[in-house]
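Protein sequences appear in the order of chains A and B. Using my numbering, you'd call the opening residue of the first sequence number 9 and step up by one each time. Using my numbering, you'd call the opening residue of the second sequence number 2 and step up by one each time. We treat Cβ as the ideally placed atom computed from N, Cα and C, and that holds for glycine. I have placed the structure first, in the form of structure tokens, so that the comments after it can refer back to it.
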Amino acid sequence: MQLINKKNFLPIVCIVYTILSFSKIIFEIKLGYKDPNYVENFIMLFLMSLIATFVLSLHYYLQKIPLPIVILGQYIFLVGIIMLSIWIGGHLQNNASTAYRDMFWSFTIPYIIGAIIYYAVILFQIKKANKTLSELKKEG
Amino acid sequence: MKIFKYHEPDLEENRIDLYYKEIDDETENIIKYLDFYNKTLTGKNEDETTRIRPCDIYYCEVVERKCFFYLRDSVWQVDISLQTLLNQFGSAGFVRISKSMVVNIFKIDRLKTDINMRIKIILDNGETVILNRTYKSQFYQYLEKMRRVK
Chain A
9 MQLINKKNFL PIVCIVYTIL SFSKIIFEIK LGYKDPNYVE NFIMLFLMSL IATFVLSLHY
69 YLQKIPLPIV ILGQYIFLVG IIMLSIWIGG HLQNNASTAY RDMFWSFTIP YIIGAIIYYA
129 VILFQIKKAN KTLSELKKEG
Chain B
2 MKIFKYHEPD LEENRIDLYY KEIDDETENI IKYLDFYNKT LTGKNEDETT RIRPCDIYYC
62 EVVERKCFFY LRDSVWQVDI SLQTLLNQFG SAGFVRISKS MVVNIFKIDR LKTDINMRIK
122 IILDNGETVI LNRTYKSQFY QYLEKMRRVK
């Protein structure tokens with residue numbers, strides 16, 4: 009089953025963007041931080057949502073490749089795109105001296121958390137399926 | 002629903018009669034189950050032919066447009082498509098695990114992951130087949146559906 013297709017691609021991008029934007033706003037309120045590059049960062053978030061959804065949609069076409077390689081490959085590709093966009097952005101405006109490092113961690117930490125959750129869900133589903141299978145067998 | 006069992010030693014062949022006022026879900030499931038149990042498929046193997054009961058099938062695979070049924074310790078070619086098999090016996094434990102494979106869930110021993118996070122289906126006879134990631138959620142939904150039906 010293809011989870012991300014042409015029909016739901018844009019709605020998924022919008023959902024991801026909304027979640028990220030809300031998380032950013034809530035986080036900033038909690039920390040009392042005022043983002044000096046407010047507009048640029050929101051545009052960046054949208055681009056990130058667009059690229060991340062596109063990369064995740066490729067998941068369907070990479071079924072024969074082992075999952076860890078897919079996850080790692082997608083991570084490297086996305087980090088590359090983000091670094092490239094910061095580099096391009098650096099030509100249009102001044103980047104903060106920690107821009108690359110900040111974006112690296114801002115992306116890497118959620119990605120690792122996401123990957124761990126994904127793996128945990130797989131293991132949980134297998135455990136649940138094994139329980140269901142033994143129940144079905146008992147009942148004949 | 003009432004069930005009566007009669008022991009008749011002189012009977013030529015075992016028989017089930019089903020009396021109903023109208024076919025409700027319960028009756029329909031019983032009919033489907035009996036149909037499934039009673040139906041056989043013809044399998045070919047070089048110069049041999051045999052009748053195969055769906056409940057004896059472990060998994061089915063399409064290789065070069067030919068459908069093969071894998072039983073406990075034999076393989077038979079059957080003139081049927083996977084879709085037809087699923088339409089006829091889908092409610093009896095058959096679910097797709099990849100584009101070219103269907104497995105009988107009642108023949109599964111357990112699921113297991115390997116280092117590459119591929120989901121392996123270990124069958125009762127020790128054979129292993131791989132659950133394709135694309136069909137994973139469909140497979141789990143089917144298990145849940147079967148659990149609720151049972």
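Rounded Cβ spacing between residue i and residue j (contact assumed at less than 8 Å)
| i | j | result |
| --- | --- | --- |
| A:L144 | B:R73 | Going by Cβ atoms, the distance from A:L144 to B:R73 rounds to 19 Å, so no, they are not a contact pair. |
| B:L83 | B:C61 | 6 Å |
| A:N138 | B:R111 | 5 Å |
| A:I59 | A:L86 | 6 Å |
| A:S57 | A:Y25 | 4 Å |
| B:T129 | B:K121 | 5 Å |
| A:Q101 | B:N133 | A:Q101 to B:N133, Cβ: 46 Å. No contact. |
| B:L144 | A:T140 | 5 Å |
| B:I106 | B:L124 | About 10 Å separates the two Cβ atoms, so there is no contact after all. |
| A:K53 | A:S29 | Reading off the sequence shown, one finds Leu at residue 53 of chain A, where the question assumed Lys. At roughly 6 Å, the Cβ-Cβ gap stays under 8 Å, so A:L53 and A:S29 are in contact. |
| B:L19 | B:I31 | 7 Å |
Three-way DSSP call (helix, strand, coil) for residue i in this model
| i | result |
| --- | --- |
| B:R119 | coil |
| B:R149 | helix |
| A:L144 | helix |
| B:M102 | strand |
| B:R111 | strand |
| A:K38 | helix |
| B:R54 | coil |
| B:F5 | coil |
| B:Q78 | strand |
| B:F12 | For clarity, residue 12 of chain B is Leu in the given sequence; the question names Phe instead. Three-state DSSP puts B:L12 in coil, outside helix and strand. |
| A:K32 | helix |
| B:E47 | coil |
| B:L19 | coil |
With 16 other Cβ atoms within 10 Å as the buried cut-off, status of residue i
| i | result |
| --- | --- |
| B:G44 | buried |
| A:C22 | exposed |
| B:M2 | exposed |
| A:V78 | buried |
| A:F132 | exposed |
| A:I90 | buried |
| B:W77 | buried |
| B:F90 | buried |
Residue i beta carbon near the ligand ZN (any heavy atom closer than 8 Å)
| i | result |
| --- | --- |
| B:M118 | This structure lacks the ligand ZN, and indeed carries no ligand of any kind. |
(request) Anything in the stretch 118-148 of chain B with a Cβ closer than 9 Å to a Cβ of chain A? List those residues in chain order, please. (result) Answer set for the stretch 118-148 of chain B: M118, R119, I120, N133, R134, T135, Y136, K137, S138, Q139, F140, Y141, L144, E145, M147, R148.
(message) To be precise: take each residue of the stretch 64-92 of chain A, compare its Cβ to all Cβ atoms of chain B, and keep it if any distance is under 7 Å. Which residues remain?
(response) Along the stretch 64-92 of chain A, going in chain order, the ones with a CB nearer than 7 Å to a CB of chain B are Y68, Q71, P74, L75, P76.
(message) Give me the subset of the stretch 110-127 of chain A whose CB atoms are less than 8 Å from a CB atom of chain B, sorted by chain position.
(response) Result list: Y127.
(message) With a threshold of 8 Å, are at least 3 pairs of Cβ atoms found where one atom belongs to the stretch 52-61 of chain B and the other to the stretch 88-108 of chain B?
(response) Note that the stretch 52-61 of chain B touches the stretch 88-108 of chain B; at least 3 beta-carbon pairs, one per stretch, sit closer than 8 Å.
(message) Would you call the stretch 117-125 of chain A in contact with the stretch 88-97 of chain A, where contact means no fewer than 3 C-beta pairs closer than 8 Å?
(response) The stretch 117-125 of chain A, when compared against the stretch 88-97 of chain A, does not touch it at the 8 Å Cβ threshold.
(message) Please list, in chain order, the residues of the stretch 38-50 of chain A that have any C-beta partner in chain B closer than 7 Å.
(response) Residues: none.
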